[in-house]
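**Student:** Position one of the sequence shown corresponds to residue 1190 (my numbering), numbered consecutively onward.
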Amino acid sequence: MAPYVLCPLTFHRGHNLVRNARIHDALRLGITLDEITNATPPGFYVYKNSLVEVYFSQPAPVRPAPTLPQSSVGNARPSAISESLHGFSAFPNPNSSAPLFMQTVRTAVISWGRLNQGELESAAPYMYTLNFTFGVGNAQDPKWICIARTNRPLRYRLLLDVGGRTTTWVYSGADGVYSISEQGRARLTASQLKVYRELKARIPHTLRRGNVITTRYGSGDSILDLQPIHVQVTGICDMNDIATTVIRNFTIGAAVGFNFPTVKYPFDGILGLGRSFGDGFVSFGDWPSQLHPGPRTWVDIPVCATTPDHNGLWGLWLHQIDFMQPMQEPVIFRTEQWVMLDTGYAETYLRNDMHSKIIEHFINFWTHHGQNAPNALEQSRVRLVFRCGSPPSSHPPVYHYRSVTGCAKPFFFHPRYMPDEHGPLVPAITGIPPGQLAYLPGVLGINFFRTFVAGFYDRAAQPIVMLAPQP
1190 MAPYVLCPLT
1200 FHRGHNLVRN
1210 ARIHDALRLG
1220 ITLDEITNAT
1230 PPGFYVYKNS
1240 LVEVYFSQPA
1250 PVRPAPTLPQ
1260 SSVGNARPSA
1270 ISESLHGFSA
1280 FPNPNSSAPL
1290 FMQTVRTAVI
1300 SWGRLNQGEL
1310 ESAAPYMYTL
1320 NFTFGVGNAQ
1330 DPKWICIART
1340 NRPLRYRLLL
1350 DVGGRTTTWV
1360 YSGADGVYSI
1370 SEQGRARLTA
1380 SQLKVYRELK
1390 ARIPHTLRRG
1400 NVITTRYGSG
1410 DSILDLQPIH
1420 VQVTGICDMN
1430 DIATTVIRNF
1440 TIGAAVGFNF
1450 PTVKYPFDGI
1460 LGLGRSFGDG
1470 FVSFGDWPSQ
1480 LHPGPRTWVD
1490 IPVCATTPDH
1500 NGLWGLWLHQ
1510 IDFMQPMQEP
1520 VIFRTEQWVM
1530 LDTGYAETYL
1540 RNDMHSKIIE
1550 HFINFWTHHG
1560 QNAPNALEQS
1570 RVRLVFRCGS
1580 PPSSHPPVYH
1590 YRSVTGCAKP
1600 FFFHPRYMPD
1610 EHGPLVPAIT
1620 GIPPGQLAYL
1630 PGVLGINFFR
1640 TFVAGFYDRA
1650 AQPIVMLAPQ
1660 P
């Protein structure tokens, strides 16, 4: 695996069914452009690693009626679509005032790198993060008008969390900041407050206790009280000095109450990429058509009908996990549980009985193969089977199954990130501890994203998760 993973992060504007269909076609079918000229027909394209929209002042040539969008059940990209734009689900009305392209869909390519040893001691070994710079006013103007009473922009490192609600929060410098302890709510100690103010708190505002919401992250160890800051925030994404993306009119939450371990995390806030019930797409990993030569297939899996709508989670029903070795029958782990996809977790959480069966199998696997076990593991595959179908109210329920297959090693085990490159592999599958995660039946964490390219297509009617194997 490469030392970093490309993560095209796409922010979309409000809900629009026509734009929604065209954006979906451009992303799903990989409609790309090498250059944009006056002869370029209007529409959405992937251009220089960005999703752009082309407008024209002159009427567009007469075209055949747009074809119906193809079924999203794992279609490979037809060669005719990559050469002709007749496959768009809808065409824009060519009535803009000038022939130009506008990056109305904001896109960034983010590098996901290894954390240093100090960060590993206090956080998950791998996570997706990006650097944000916050200010107000005209972000194109190098002279920033900052929120804080300082002469420089505010810089944050945000965790990209598809398991988080669609809110973005950062630490704040509000008066009366408090921490949450087992005994209730208590003020920070002097030493804790010093760490908080020097390393985390940057946005000052007046605390309004009547406008505070409590949110919970992870296993329950991370509890925060958040308060919206109603300002027009302009953010600039910094992708390791590769490119920048401007994001305007942000509403962020200020962390005004929290348990102190949260302050030790190697990030300054969370960018929640949970379902927003509107129009949006985010992909962790590069497009499958670029990962492999020739046409490749996304496997589209609808979000589980029983996923609670109020929490914005990306929930799927995991039917089973198959461990496959060459020339052998697959070993089947029948999971049958609801799981959420979450980049904020370092591991995959399954029921305790299922976790025990998987660990027992790999103990026997290592005993059977001996010194050849690492090579045997490299040649093995994992297949995840998801159940899709009608909601529970349907009688009788009708189900069908879709699966995606990838390399077994990155799914079942953490990569070697410690100095001892020959030490034992650490399992990336764990059980749900008693009394913990009671509200989350299961989690597919970062090890899942190391194994599969995951695209999240957010729409109100039927959100889907699009999967393909990592190279």
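Just so you know, even glycine gets a beta-carbon here, dropped at the ideal spot from N, CA and C.
Within the continuous alpha helix (DSSP H) that includes S1545, where are the two ends?
**Tutor:** 1541–1558 is the extent of the alpha helix (DSSP H) around S1545.
**Student:** Bridge partners of G1446, per DSSP?
**Tutor:** Answer by DSSP bridge pairing, in chain order: Y1367, D1414.
**Student:** I need the DSSP call for Y1588, collapsed to helix, strand or coil.
**Tutor:** Correct three-state label for Y1588: strand.
**Student:** What's the call for P1585, buried or exposed, on a 16-neighbour Cβ count within 10 Å?
**Tutor:** Exposed: under 16 other Cβ atoms inside 10 Å.
**Student:** What's the call for K1453, buried or exposed, on a 16-neighbour Cβ count within 10 Å?
**Tutor:** Exposed, since its Cβ has fewer than 16 Cβ neighbours within 10 Å.
**Student:** Using the C-alpha atoms, what's the distance from L1377 back to M1655?
**Tutor:** Going from the Cα of M1655 to the Cα of L1377 covers about 44 Å.
**Student:** Which of the three DSSP states, helix, strand or coil, is assigned to S1361?
**Tutor:** Three-state DSSP puts S1361 in a strand.
**Student:** Could you tell me the alpha carbon to alpha carbon distance between I1225 and I1521, rounded to whole angstroms?
**Tutor:** Straight-line Cα distance between these residues: approximately 50 Å.
**Student:** List the whole-angstrom C-beta distance separating V1488 from A1657, where the pair is believed to meet the contact cut-off of C-beta under 8 Å.
**Tutor:** With a Cβ gap of about 7 Å, V1488 and A1657 count as contacting.
**Student:** Could you check where the beta strand (DSSP E) with G1576 kicks off and where it finishes?
**Tutor:** For clarity, residue 1576 is Arg in the given sequence; the question names Gly instead. Here the beta strand (DSSP E) through R1576 covers 1570–1578.
**Student:** Contact defined as beta carbons within less than 8 Å: I believe G1463 pairs with G1352. What is the distance between those atoms, to the nearest angstrom?
**Tutor:** Indeed, because the Cβ distance is near 7 Å, the residues count as touching under 8 Å.
**Student:** Check whether the Cβ atoms of W1358 and A1494 sit closer than 8 Å, and answer yes or no.
**Tutor:** Not in contact: W1358 and A1494 (Cβ atoms no closer than 8 Å).
**Student:** So the candidates are R1572, W1555, V1571; which of them puts its Cα closest to the Cα of N1564?
**Tutor:** It is W1555.
**Student:** Going by beta carbon distance, what residues of the same chain come within less than 7 Å of E1567, once the five residues before and after it are set aside?
**Tutor:** Hits under 7 Å: K1598.
**Student:** In this structure, does DSSP put F1456 in helix, strand or coil?
**Tutor:** In this structure, F1456 counts as coil in the three-state DSSP scheme.
**Student:** Between the Cα of Y1588 and the Cα atoms of S1380, L1460, L1507, R1639, which residue gives the shortest distance?
**Tutor:** Here the closest residue by C-alpha is L1507.
**Student:** From the DSSP secondary-structure annotation, give me the bridge partner or partners of M1516.
**Tutor:** Paired residue(s): none; M1516 is not in a bridge.
**Student:** Going by DSSP, what residue range makes up the alpha helix (DSSP H) through I1635?
**Tutor:** Per DSSP, I1635 belongs to the alpha helix (DSSP H) from 1635–1640.
**Student:** Taking all protein chains shown into account, decide if G1399 is buried (16 or more other Cβ within 10 angstroms of its Cβ) or exposed.
**Tutor:** Its Cβ having fewer than 16 others within 10 Å, G1399 is exposed.
**Student:** At which residues does the alpha helix (DSSP H) containing A1379 begin and terminate?
**Tutor:** Residues 1379–1384.
**Student:** Taking G1533 as the reference, which of L1343, D1223, D1350 has the closest Cα?
**Tutor:** The shortest C-alpha separation from G1533 is found at D1350.
**Student:** Going by CA-CA distance only, name the one from F1449, I1490, I1418 that's closest to G1373.
**Tutor:** If we check each option's Cα against that of G1373, F1449 comes out closest.
**Student:** With DSSP as the reference, label L1388 as helix, strand or coil.
**Tutor:** Here L1388 sits in helix by DSSP.
**Student:** Going by CA-CA distance only, name the one from T1221, R1391, E1387, L1343 that's closest to Y1360.
**Tutor:** Closest option to Y1360, Cα to Cα, is R1391.
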